[in-house]
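Below is one structure; the comments refer to it alone.
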Ligand SMILES: [Zn+2]
Ligand SMILES: [Zn+2]
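Numbering (the working numbering), first residue to last: 1 to 271.
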């Protein structure tokens, strides 16, 4: 489970989402503005009370370790699980057996990181009909072939390619808030299946977007287009918009496959 940023409301939404408290988990923090980190102490505290025992990894910009340790020294988070904190720099890459997360510099008033999650290529699709035709009995041998290993069947040796298709590309999701449109993010986001991009303002507030280090929905759409992303999610919409649909319209005029996700929405992403 990967959580990107941890604002005030996160632990409450996390409970609603029934996301599971003891899963392998990493929290990525973009930058040290309150709306992105104020939920972190509460999250650690709650996870602990709900019985988490598994290590938690937190990745963020310089200063994230000091933030967590200072809070812990004063209020005691009573975490019953180990917390590992990594301070990442642009160019940093988090490697996991199943995926990598690349880090780039966003363009905001203070140091801010954008992240790209890239799933490793997945094994090709297994064809049960073909396996049956070759006389492979269902069970452990199927599993072995699925995982890319050859099997022995009587005197025959069967290669996985006989029943498994070519490897499938993994999913790529880029998360870039808070940020102005910038070349580093475009490069990081290249070929994303989903780009989650800062869209704080609408077109009429473009000066404000520039001043505060944010983007308009139209600017986010241009980043999606330039990075050849497949889908754009407008994100970090300013609270001054009661109705954010004009932002969606402005983005869609430039990049058709744009969505405006509401709280608790599930978005399926396929490569
Ligand atoms: Zn910020
Ligand atoms: Zn923010």
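All C-beta atoms, glycine included, are put in the ideal place defined by N, C-alpha and C.
A direct Cα-Cα distance of roughly 38 Å separates residue 202 from residue 168. Collapsing the DSSP output to three states places residue 231 in coil. Taken in chain order, the complete beta strand (DSSP E) segments of 3 residues or longer contained in the segment 48 to 114 are 56 to 60, 83 to 87, 93 to 95, 99 to 105.
Ligand 2 has a heavy atom closer than 6 Å to the beta-carbon of residue 33.
Nearest to residue 47 by C-alpha distance, out of 33, 178, 20, is 20. Counting C-beta pairs closer than 8 Å gives fewer than three between the segment 64 to 72 and the segment 2 to 9, which falls short of the contact rule.
In the three-state reduction of the DSSP assignment, residue 35 falls in the helix class, which pools H, G and I. For residue 251, the secondary structure class from DSSP, reduced to helix, strand or coil, is helix. Annotated three-state conformation of residue 226 is helix, per DSSP. One alpha carbon belongs to residue 73, the other to residue 59, and they sit about 20 Å apart. The bridge partners DSSP lists for residue 242 come to none. For the set 103, 16, 143, the Cα lying nearest the Cα of residue 91 is the one of 103.
Classified as buried, residue 39 has 16 or more neighbouring CB atoms from the shown chains inside 10 Å of its CB. Annotation for residue 178 indicates a beta carbon within 6 Å of some heavy atom of ligand 2. The three-state secondary structure of residue 176, taken from DSSP, is strand. Where residue 28 is concerned, the enclosing beta strand (DSSP E) starts and stops at 25 to 28. Comparing alpha carbon positions, the residue from 109, 189, 222 closest to residue 178 is 109. Annotation: residue 120 is outside any beta strand (DSSP E) and is labelled neither H nor E by DSSP. Shown here for residue 125: same chain residues with a beta carbon closer than 6 Å to its own, the five before and five after excluded, namely 165 in chain order.
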